[in-house]
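Trainee:
Number of protein chains: 2
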Amino acid sequence: MFVRIPTDRRPQPNTLDEFGLTSAFNRIIGLGEFTYRKGTEIFGEKEPAVYVYQVKHGAVRSYKLLSDGRRQIGAFHLVGDIFGLENGDEHRFTAEAVVETVVRLIKRESLQLVAAKDAVVSHNLLSMITRNLEHAENHMLLLGRKTAVERVAAFLLEMDFRTGADKMSLPMNRLDIADYLGLTLETVSRALSSLRKAGVLTFLDHDQREIMLNDRRRLADFDPQGPAQP
Amino acid sequence: MFVRIPTDRRPQPNTLDEFGLTSAFNRIIGLGEFTYRKGTEIFGEKEPAVYVYQVKHGAVRSYKLLSDGRRQIGAFHLVGDIFGLENGDEHRFTAEAVVETVVRLIKRESLQLVAAKDAVVSHNLLSMITRNLEHAENHMLLLGRKTAVERVAAFLLEMDFRTGADKMSLPMNRLDIADYLGLTLETVSRALSSLRKAGVLTFLDHDQREIMLNDRRRLADFDPQGPAQP
DNA sequence: CGAAATCTTGATTGAATTCAATCTAAGTGG
DNA sequence: CCACTTAGATTGAATTCAATCAAGATTTCG
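Top to bottom, those sequences are chains A and B.
No gaps in the numbering here: position 151 of the first sequence is 151 in the numbering used here, and each next residue is one more.
Just so we're on the same page, the numbering used here is the position in the second sequence counted from 1, plus 230.
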C-alpha cells in the first residue's frame, strides 16, 4: 500500500493519496521503482520535467539555490507524497534524496493523457497543485513573520501532523531543517534544546533524529498560527 | 481594454490576461464593477469564496495575519490581475484595496460552469494557479534567504517587470512593502535610500512613491536571483 | 581505529528591529 | 487662508535576535 494517512487527520500539503492520484499511478504502466542513495539528485531545477514521482520509501527535499549557494528548501516529500509534478515543461526545484529513497515514477506525458480523459484524475491534479499552493502560502507567513522558536515549533507540528505519530523519526538533518525554515543549523539546534528544556519534547535514545512530542498542545502554543485546539 | 502586458515581456505571476481568463470574464454576465475605497476589505480570510475578482483600476493586497497582528502580504494585485480565485470554498487570504480600486467581479460558480464546458478556460485556470504557485515559491526563497537590500531590489524589479515602465508609481506605502518582504518599514526605507545613493534609482517629485529606475541592470546585480542579463 | 559527519553549546558579531526624532505633504476645519 | 492635525517617509541611536565563529562531544562509517 502507498496510502498512509492517519484516519483521524485531515489531508496535508504534499500528502495527497486519498485524492486518487495513486490510482492514476497504478493504472499507468509506470517505469516501476527507482532507488536513490542519500544525497543523490533526483532532478535539477530547470531540467525538462519528464517524470512525476511518488515516494515509496524515504524522504526527498525540494529546493532552490541563490547564485552564491544560499539554499531554500520549499518542501519535504514523505512516503506517499507525489512530487516533481509540473504544469510547465521544466522543474522549478531541485529534488534530492534526504536518505536512501525509493520512488515510483511515471511519465508526465502518460499522466496528462489519463488526466485529459478522466475528469477525476484531472480534478485530483488540480487539488494537488492547490495543496502545494496552500502550503507555500503558509510557508511564506512562517518565513516572513515568525521567530526562530515559532518556526521550529511549526515545523514539528507539521511533521507530527504528516507522519501521524507522537514519536517522530526525522529523516532530515539540522541543516535541512534550517534551510527549510530560513534559519541556521545552530539556531535550529538551540530552538530544539529550548523546547526540550521547556518539556514539550524529548530526544530519544541519543539519536537526535528521534523526537517524542510530550505535549502537542503546549507545543502549539509556541506557534502563533498553530491549529485551533479542540 | 483590460490587457496591459508590455509586448517585450513575458507573463508574470499574477498578471494573467493573455491567458484568456478575461475572455471568460467577458462572456459571463458578471455583476459588473465595484469600487472599494483605500484600505477597505474586499474579502476576509476564511470567508466563503463567492466571487472572483479582476482589478480594473487601483491595486489590492492579499495577506495573512498571525494571532498577534503580524502581517505577511502574499501578493499585490495590479491592473488586469485576477485574484480571489479559490479551488476550495473559502478564501485563504484577506484582500484589501491599497488605494481606491475598481474591480470587476463574477460568481465563482459561473466561472466554474464555464470552465467545466470550455477546456481552454479550464486550462487557463490551471495556468493561473500554477503561476500563483511559482510566485509563492520564488517568494519563499526571497523571504527565507535574501538580505534586506536584495529583497527590496527584487521587489523593484518585480514591479518594474509587471508595470512595464522604468518610471514606476508604487501604489503601496512602505509598510505594505515591508510586510510583503518580511521586513520593517524603516528597513525598507533605508534600503531604498541606499539604492538611491548607489545611483540605481531616483525619487521623483518629492513624492516618494514615484520611482525612476536609472539602471535596471545594476539593480539586478543587487538581486542574487535576478533575471539573467542578455 | 581514525576520519568524517552531525549536533550541541558558548562567545561574539552583526543585520535588522525597535525606539525616537524630524520632516514634508496633505488634509481639515475655524 | 492659515493654524493644526494626520499620514507617511527618512534618519539616527540603541537594542536584540539570529548569524557567525569556534570548540567539543558523539556517532557513523570506511
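From the three backbone atoms N, C-alpha and C, an ideal C-beta is built for every residue, glycine too.
Sort out for me which residues DSSP pairs A:S72 with in a bridge.
Mentor: At residue 72 of chain A the sequence reads Gln, which differs from the Ser that was named. DSSP, once it has assigned bridges, lists A:K64 as partnering A:Q72.
Trainee: Under 8 Å, do B:Q302 and A:R145 count as touching if we go by C-beta distance?
Mentor: Result yes, Cβ atoms of B:Q302 and A:R145 sit closer than 8 Å.
Trainee: Over what stretch of residues does the beta strand (DSSP E) that includes A:T35 continue unbroken?
Mentor: Its beta strand (DSSP E) spans residues E33 to Y36.
Trainee: Can you give me the Cβ contacts of A:N214 inside the same chain, cut-off strictly under 7 Å, excluding the 5 residues immediately before and after it?
Mentor: The answer, listed in chain order, is G199, V200, L201 and T202.
Trainee: Please classify B:G318 as buried or exposed, where buried requires at least 16 neighbouring CB atoms within 10 angstroms.
Mentor: Its Cβ having fewer than 16 others within 10 Å, B:G318 is exposed.
Trainee: By Cβ distance below 6 Å, which residues in the same chain neighbour B:Y283 in space, the five residues on each side in sequence not counted?
Mentor: F313, G314, V333 and L335, listed in sequence order.
Trainee: Any contact between the stretch 167–179 of chain A and the stretch 43–63 of chain A? By contact I mean 3 or more CB pairs, one from each, below 8 Å.
Mentor: Contact holds: three or more Cβ-Cβ distances are below 8 Å.
Trainee: How big is the Cα-Cα spacing for A:H57 and A:F34?
Mentor: If you take the alpha carbons of A:H57 and A:F34, they lie about 10 Å apart.
Trainee: If we count the other Cβ atoms within 10 Å of its Cβ and call it buried at 16 or more, is A:A95 buried or exposed?
Mentor: By the 10 Å Cβ count, A:A95 comes out buried.
Trainee: Among the candidates B:A378, B:L387 and B:V280, whose CA atom is the shortest distance from the CA of B:E416?
Mentor: Here the closest residue by C-alpha is B:A378.
Trainee: Applying the criterion that 16 or more other CB atoms from any shown protein chain within 10 Å of the CB defines a buried residue, is B:E320 buried or exposed?
Mentor: Exposed: under 16 other Cβ atoms inside 10 Å.
Trainee: Beta-carbon within less than 6 Å of A:M172's beta-carbon, same chain only, minus the 5 sequence neighbours each way: which residues are those?
Mentor: Same-chain partners within the cutoff: V98.
Trainee: Quick one, which of B:L400, B:L434 and B:A383 has its alpha-carbon nearest B:R446's?
Mentor: Comparing Cα-Cα distances from B:R446 to each of B:L400, B:L434 and B:A383, the minimum goes to B:A383.
Trainee: Would you say B:P454 reaches chain A, if we count a Cβ-Cβ gap shorter than 8 Å as a contact?
Mentor: Taking Cβ atoms only, chain A reaches closer than 8 Å to B:P454, which makes this a yes.
Trainee: Counting along the chain, where does the beta strand (DSSP E) carrying A:L204 start and finish?
Mentor: From DSSP, A:L204 is part of no beta strand (DSSP E); its letter is neither H nor E.
Trainee: With distances taken from CA atoms, which of B:E316, B:R361 and B:M358 is nearest B:V280?
Mentor: Looking at the Cα atoms, B:E316 is the closest of the given residues.
Trainee: Alpha carbon to alpha carbon, what distance is there between B:A366 and A:E158?
Mentor: Whole-angstrom Cα-Cα distance: 19 Å.
Trainee: Do B:S297 and A:P224 come within 8 Å of each other at the CB atom, strictly closer than that value?
Mentor: It is a contact, given that the beta carbons lie within the stated cut-off.
Trainee: With a threshold of 8 Å on Cβ separation, who are the neighbours of B:L425 within its own chain once the five nearest residues in sequence on each side are excluded?
Mentor: These residues qualify, in order along the chain: V379, V382, A383, L386, L431, L449 and F452.
Trainee: Is there a C-beta anywhere in chain B that falls below 8 Å from the one on A:I129?
Mentor: Chain B, which has a Cβ nearer than 8 Å to the Cβ of A:I129, makes this yes.
Trainee: Examine chain B for any beta-carbon lying closer than 8 Å to the beta-carbon of A:F19, and answer yes or no.
Mentor: Residue placement at A:F19 is flagged as unreliable, the pLDDT there being 41, under the threshold of 50; a coordinate-derived value is accordingly withheld.
Trainee: Would you list, in chain order, the members of the stretch 285–301 of chain B that have their beta-carbon closer than 8 Å to a beta-carbon of chain A?
Mentor: So the close ones are K294, L296, S297, D298, R300 and R301.
Trainee: Answer with yes or no whether the minimum CB distance from B:M398 to chain A is below 8 Å.
Mentor: So, not an interface residue.
Trainee: Mind checking the stretch 266–287 of chain B against chain A and listing, in chain order, the residues whose C-beta falls within less than 9 Å of any C-beta there?
Mentor: So nothing in the stretch comes that close.
Trainee: If B:L308 and B:R420 are in contact, beta carbons under 8 Å, what's the gap, nearest whole angstrom?
Mentor: The Cβ separation is near 25 Å, so there is no contact.
Trainee: Which residues in the same chain have their Cβ closer than 7 Å to the Cβ of A:E45, if we skip the five residues on either side of it in sequence?
Mentor: Only K64, H91, R92, F93 and T94 meet the Cβ criterion.
Trainee: In terms of residue numbering, what span does the alpha helix (DSSP H) encompassing B:Q342 cover?
Mentor: Where B:Q342 is concerned, the enclosing alpha helix (DSSP H) stretches over R338 to K347.
Trainee: State the DSSP-derived secondary structure class of B:L443, mapped to helix, strand or coil.
Mentor: Three-state result, B:L443: strand.
Trainee: Cutting at 8 Å between CB atoms, please list the residues of its own chain near B:A346, excluding the five before and the five after it.
Mentor: Result list for B:A346: S352, in chain order.
Trainee: Taking 8 Å as the threshold (beta carbon to beta carbon), is A:N87 in contact with chain B?
Mentor: Yes, A:N87 counts as interfacial toward chain B.
Trainee: Pick from B:G269, B:F273, B:S357 and B:G412: whose alpha carbon is nearest that of A:H139?
Mentor: Closest by alpha carbon: B:G412.
Trainee: Classify A:F282 as helix, strand or coil using the three-state DSSP reduction.
Mentor: Here chain A comprises residues numbered 1 to 230, so residue 282 of chain A is not present and cannot be evaluated.
Trainee: Is the separation between the beta-carbon of A:M212 and that of A:D160 shorter than 8 Å?
Mentor: Result no, Cβ atoms of A:M212 and A:D160 do not sit closer than 8 Å.
Trainee: For A:L111, is the beta carbon positioned less than 7 Å from some heavy atom of the ligand MG?
Mentor: With respect to the ligand MG, the structure offers nothing, as it holds no ligand at all.
Trainee: Give, in chain order, every residue of the stretch 203–220 of chain A whose Cβ lies closer than 8 Å to some Cβ of chain B.
Mentor: Listed by position along the chain: nothing, the set is empty.
Trainee: Once the 5 residues before and after A:E47 are set aside, which same chain residues still bring their CB inside 7 Å of it?
Mentor: Closer than 7 Å at the Cβ level, and outside the excluded window around A:E47, lie E90 and H91.
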